[in-house]
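These protein sequences, in sequence, are chains A and B.
Its first residue numbered 1, the first sequence is counted upward by one per residue in our numbering.
Its first residue numbered 1001, the second sequence is counted upward by one per residue in our numbering.
From the three backbone atoms N, C-alpha and C, an ideal C-beta is built for every residue, glycine too.
Shown next, in structure tokens, is the structure this report addresses.
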Amino acid sequence: MPLRVAVAEDAVLLREGLVELVRRFGHRVIAAVGDAEALVAAVAAERPDLLITDVRMPPGDADDGLRAAVELRLAHPGLPVLVLSQYVERSCATRLLDTGGGAGVGYLLKERIAAVADFRTAVERVAAGGTVVDPEVINQLLRRGPDPLERLSPREQEVLGLMAQGLSNANLAARLFISAAAVNKHIGNIFTKLDLPVDTDGHRRVLAVLALLRA
Amino acid sequence: MRPRTAWQAMALHPLSFLTSAWPWRSLAYLAGGVLVGAVAALVFAAGLVAGVVLLVVLVGVAPLVGVVLSSVTVAAVERRRLRLVDLDALPDPHRAPPAPGLRAWAATRLREQVTWRELLFTLLSVAALWWLDLLVLAFSLGLPVLLFASTDSQTWPWTVFGAIVLLASPYTVTSWAGARAAFARTFLAPRDAELGEALREVRASRARLIDSFDAERVRIERDLHDGVQQHLVSLGVTLGLMRLDAPDDSPLATGLDEAERRLAATHAELRSLVRGLHPPVLTDHGLAAAVEDFAARFPLPVDVDLVLPRRLPRPLETGAYYLISEALTNVARHSGANRAWVHGRCRSDLLVLEIGDDGCGGAEPDEGTGLTGLADRLTALEGRMRISSPVGGPTLVHVEIPCRCA
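See the structure below:
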């Protein structure tokens, strides 16, 4: 089932590239706009399954895109949003993830688009209600070594970091050269050490990523 | 660091302080204060009495004007005396009269705001300061002498007390001298508008220079972001689209994957270059976020505690950011510390920053450890910096920059 995607990006060349890429992933682009106001209008009119937006956009040329994304998520609960940015900033990530419990949110550096396979995974994960956070943010957070995360072993921190990037268990196992059972064990340990409630697996993954961001 | 004021000198090792000239300078300062104060009190009393008595016949205005103008002399003497306990000279805030002669001089002085500040200072000196000088000297030196003189078998505990007071006297005398100097400086220092035209111009041009430097960096950062980086991202999309066309195990796919990895490395390099030029977080999110960001990339753990009521003016924000990042870089480079911390608050009209570490200390501003580089920025912002870095550590950099941020 192809996703109905809205794309907001003010640089024309990049916007066209993104549209083309999303089409090639087998999804439909129902709106491609160049500023935050048009974005809000497009989402209201079309109710897309996923919104991909740049942070810095007209009319303010500040964080208009991000603000529009946050507002849209508040106005349309459950609307998946993937935000692309030229640089990562922790408060941006937190603001975004604070909407709708962090489900269906992605925050990536723009340059990650080039790694198409990973980008496609991210797009589809966010649309399915998952959480994807750029490795750059994760690295910064893990290096600070804040309290609840100190209880995690280095390997578990690594697994949590990759989880935050939106990798599935199978991808995780392949990336770390370990068995699926070992991945499950690490993830189980993470959930226990972060005191996450027993719930559906997907939601606990989101909560684990949020714990990482808020630490 | 060599102390510049009597107060700073008290922070020295007690032995170095006691063998330095500072206690003696402070003593001279206070003794002079008594002398000047007594003379000024006499002149003022005489002038006031004469003025009030003669006011009936109107000539009394002359002695009163004389009283006002004599405070200019008191202030001039005070500025000179201040050099005893504060090595940074106070410039004379008075303007040169437009024409020679007493009339022009008096007319100029009476119209200057600083003259009235000096009058207030002189009144306070006459009313209180010199009495306090006398009191401090009498307590810390006179009292012990009296007690020693009257020593006998009954009063010996008082003699011991006298000895203790005398031993403490270098500190007692210096601390009051320091307080008095700070007080005098507050009244007698030129306000901005009173600084000589030349000095003001130098300061302004230095600020302009740093400002245009910063503006240029911001411009380059924007150019890189809006130009180069956007093109690279578009290039990445093009490569990505080609990769979708390439069969997974073909040499083309391998080549494209390699190209993508190199592109990612270029992006990472570009991002760190841009951050070094002028961090975009600073422009978009302000000082606290930018310092947090810097700290998160820093090799050592840094506790950042910056609470600012709102965004600071741009030159101040930029200056403070470079100051903090430079100070932290010094920590990483020289101190051997395990932790560092940054603390910042707005206190009425001052931005107060402290950067500290748990390292080995011994930072010397003169040895090109990067501390001197901070000084230029500070001067342009009219800030002050103090560094405490005893051998063995820890190092603390304390910065105060005037701003209306509260």
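Give me whichever residues DSSP pairs with residue i in a beta bridge.
{"i": "Leu1350/B", "result": "Arg1347/B and Pro1402/B"}
{"i": "Ile1387/B", "result": "Val1397/B"}
{"i": "Trp1341/B", "result": "Asp1303/B and Gly1356/B"}
{"i": "Thr1005/B", "result": "Asp1086/B"}
{"i": "Tyr1029/B", "result": "Answer is none; Tyr1029/B lacks a bridge partner."}
{"i": "Val217/A", "result": "With chain A represented from 1 up to 215, any question about residue 217/A goes unanswered, as that position is not in the structure."}
{"i": "Val105/A", "result": "Val81/A and Thr131/A"}
For my contact list, residue i and residue j are in at a C-beta cut-off of 8 Å; report their separation, rounded to the angstrom.
{"i": "Arg1079/B", "j": "Leu1090/B", "result": "5 Å"}
{"i": "Val47/A", "j": "Glu1292/B", "result": "Reading off the sequence, residue 47/A comes out as Arg, not Val. Actually they are not in contact, since the Cβ atoms of Arg47/A and Glu1292/B sit about 37 Å apart, beyond 8 Å."}
{"i": "Leu1129/B", "j": "Arg1180/B", "result": "6 Å"}
{"i": "Val138/A", "j": "Ala164/A", "result": "In the sequence as displayed, the identity of residue 138/A is Ile instead of Val. About 5 Å separates the two Cβ atoms, so the contact holds."}
{"i": "Ala1320/B", "j": "Leu1353/B", "result": "6 Å"}
{"i": "Val159/A", "j": "Ile187/A", "result": "6 Å"}
{"i": "Gln86/A", "j": "His1225/B", "result": "6 Å"}
{"i": "Thr1005/B", "j": "Val1077/B", "result": "Not a contact, Cβ separation roughly 19 Å."}
{"i": "Ala122/A", "j": "Leu108/A", "result": "6 Å"}
{"i": "Val1331/B", "j": "Gly1361/B", "result": "Going by Cβ atoms, the distance from Val1331/B to Gly1361/B rounds to 11 Å, so no, they are not a contact pair."}
{"i": "Ile1387/B", "j": "Leu1350/B", "result": "The pair is not a contact, with the Cβ atoms about 18 Å apart (cut-off 8 Å)."}
{"i": "Phe1294/B", "j": "Ser1325/B", "result": "5 Å"}
{"i": "Asp1214/B", "j": "Thr1318/B", "result": "5 Å"}
{"i": "Pro1097/B", "j": "Ala1104/B", "result": "4 Å"}
{"i": "Leu1239/B", "j": "Leu1256/B", "result": "6 Å"}
{"i": "Pro2/A", "j": "His27/A", "result": "5 Å"}
Buried or exposed for residue i, please, with buried defined as at least 16 other CB atoms from any protein chain shown within 10 angstroms of its CB.
{"i": "Thr200/A", "result": "Caution applies to Thr200/A, whose pLDDT of 49 falls short of 50 and renders its modelled position unreliable; the value that the coordinates give is listed next. Thr200/A should be labelled exposed."}
{"i": "Gln157/A", "result": "buried"}
{"i": "Ile1164/B", "result": "exposed"}
{"i": "Gln140/A", "result": "buried"}
{"i": "Leu1015/B", "result": "exposed"}
{"i": "Thr1155/B", "result": "exposed"}
{"i": "Glu9/A", "result": "buried"}
{"i": "Thr99/A", "result": "buried"}
{"i": "Asp1088/B", "result": "exposed"}
{"i": "Gln1229/B", "result": "buried"}
{"i": "Ala6/A", "result": "buried"}
{"i": "Asp54/A", "result": "buried"}
{"i": "Trp1024/B", "result": "exposed"}
{"i": "Pro1251/B", "result": "exposed"}
{"i": "Gly1227/B", "result": "exposed"}
{"i": "Arg60/A", "result": "Reading off the sequence shown, one finds Gly at residue 60/A, where the question assumed Arg. Flag for Gly60/A reads exposed."}
{"i": "Gly1236/B", "result": "buried"}
{"i": "Thr1174/B", "result": "buried"}
{"i": "Gly1484/B", "result": "Given a span of 1001 to 1406 for chain B in the structure shown, any question on residue 1484/B remains unanswerable."}
{"i": "Ser1389/B", "result": "buried"}
{"i": "Asp1152/B", "result": "exposed"}
{"i": "Gly104/A", "result": "buried"}
{"i": "Ser1169/B", "result": "buried"}
{"i": "Asp1248/B", "result": "exposed"}
{"i": "Asp1231/B", "result": "The sequence shown places His at residue 1231/B, rather than the Asp named in the question. When all chains shown are included, His1231/B counts as exposed."}
{"i": "Val1160/B", "result": "exposed"}
{"i": "Phe191/A", "result": "buried"}
{"i": "Gly1178/B", "result": "buried"}
{"i": "Leu1135/B", "result": "exposed"}
{"i": "Leu1110/B", "result": "exposed"}
{"i": "Gly1392/B", "result": "exposed"}
So which residues of chain D does residue i contact, with C-beta pairs closer than 9 Å?
{"i": "Gln1230/B", "result": "Absent from the structure is chain D; the protein chains it does hold are A and B."}
Completely contained beta strand (DSSP E) runs for the stretch 31-92 of chain A, where each covers 3 or more residues: 50-54 and 81-85
4-residue-minimum alpha helix (DSSP H) runs that sit fully inside the stretch 116-183 of chain A, ordered along the chain: 116-127, 135-144, 147-150, 154-164 and 169-176
Spell out a yes or no on whether the stretch 30-37 of chain A and the stretch 76-94 of chain A are touching, meaning 3 or more CB-CB pairs, one atom from each, closer than 8 Å. no
Pair every Cβ in the stretch 1137-1156 of chain B with every Cβ in the stretch 1110-1128 of chain B, then say whether three or more of these pairs are closer than 8 Å. no
Which runs of the beta strand (DSSP E) spanning at least 3 residues fall entirely within the stretch 1178-1233 of chain B, listed in chain order? none
May I ask you to verify whether the stretch 1305-1324 of chain B touches the stretch 1338-1352 of chain B, counting CB pairs closer than 8 Å and requiring at least 3? yes
Should the stretch 1066-1074 of chain B be called in touch with the stretch 1046-1053 of chain B, which here means at least 3 C-beta pairs below 8 Å? yes
Check whether the stretch 58-71 of chain A and the stretch 12-28 of chain A touch, using three or more Cβ-Cβ pairs below 8 Å as the test. no
Does the stretch 1172-1186 of chain B touch the stretch 1349-1363 of chain B, meaning 3 or more C-beta pairs lie closer than 8 Å? no
So, do the stretch 1278-1287 of chain B and the stretch 1215-1224 of chain B have three or more beta carbon pairs nearer to each other than 8 Å? yes
Contained alpha helix (DSSP H) runs [length at least 4] in the stretch 1057-1132 of chain B, N- to C-terminal order: 1061-1082, 1102-1111 and 1113-1124
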